[in-house]
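>
So, in structure tokens, the structure goes:
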């Protein structure tokens, strides 16, 4: 998986784009029964609107892995103090969280999944908050 994650880590994802995706996930689809109601269809529509049609497949994978890694950290309690209750069970839209999730390299976790190293992520999060005067 290491080569795969190296390739995914080379795909630049902005914090703004991650924020749009998190907002999209929080908002219910316009029509539950429509084909565009699925999470992946909505993600591809968002990427098309952002002018990323040509690379939408690889960008979607990179985004999904980063959002999933962020949710895993939250479920492990590694984001205490940076999240609040929200529509997904937790609000992951804090700008510092999004910047850290966009920049932190994905690694292969002990269970063989893509994720973030919790200690490294927290350091990046604190460093980013200090730079912007929020630490």
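Numbering (UniProt numbering), first residue to last: 1 to 135. Even for Gly, the Cβ is constructed at its ideal location relative to N, Cα and C.
Any idea if residue 77 is buried or exposed, counting beta-carbon neighbours within 10 angstroms, 16 or more meaning buried?
If you number the chain shown from 1, residue 77 lands on position 77. Residue 77 is exposed by the Cβ-count criterion.
> Taking the alpha carbon of residue 65 as the point to measure from, which residue in 22, 82, 119, 50 has its own alpha carbon closest?
Working through the chain shown from its first residue, we reach residue 65 at position 65. It is 22.
> Give the C-beta separation of residue 114 and residue 106 to the nearest angstrom, bearing in mind that I take them to be a contact with Cβ-Cβ under 8 Å.
Counting from one through the chain shown, the residue named residue 114 turns up at place 114. Counting from one through the chain shown, the residue named residue 106 turns up at place 106. Yes, residue 114 and residue 106 are in contact; Cβ-Cβ is about 5 Å, under 8 Å.
> When the Cα atoms are used, what is the spatial distance from residue 42 to residue 49?
On the chain shown, residue 42 is found 42 positions in, with the first residue counted as 1. On the chain shown, residue 49 is found 49 positions in, with the first residue counted as 1. So the alpha carbons of these two residues sit roughly 11 Å apart.
> What residues match up with residue 108 in a beta bridge as DSSP calls it?
Here the question's residue 108 lines up with position 108 in the chain shown. According to DSSP, residue 108 bridges with 114.
> Alpha carbons only, please: which of 81, 122, 110, 3 is nearest the one belonging to residue 99?
Counted from its first residue, the chain shown places residue 99 at position 99. With distances taken between Cα atoms, residue 99 lies closest to 122.
> So the alpha helix (DSSP H) residue 95 belongs to, where does it begin and stop?
The count along the chain shown starts at 1 and reaches residue 95 at position 95. Run containing residue 95: 95-103, per the alpha helix (DSSP H) assignment.
> Would you kindly work out how many angstroms separate the C-alpha atoms of residue 54 and residue 13, rounded to a whole number?
Here residue 54 refers to the residue found at position 54 when the chain shown is read from its first residue. Here residue 13 refers to the residue found at position 13 when the chain shown is read from its first residue. Taking the straight line joining both Cα atoms gives about 15 Å.
> Leaving out five residues on either side along the sequence, give the residues of the same chain with a beta carbon under 6 Å from the beta carbon of residue 79.
Numbered from 1 along the chain shown, position 79 holds the residue referred to as residue 79. The residues are 73.
> Need the endpoints of the alpha helix (DSSP H) that residue 24 sits in, please.
One-based indexing of the chain shown puts residue 24 at position 24. Annotation: the continuous alpha helix (DSSP H) that includes residue 24 extends over 15-26.
> For residue 101, does the count of other Cβ atoms within 10 angstroms reach 16, so buried, or fall short, so exposed?
Along the chain shown, one-based indexing puts residue 101 at 101. Buried is the call here.
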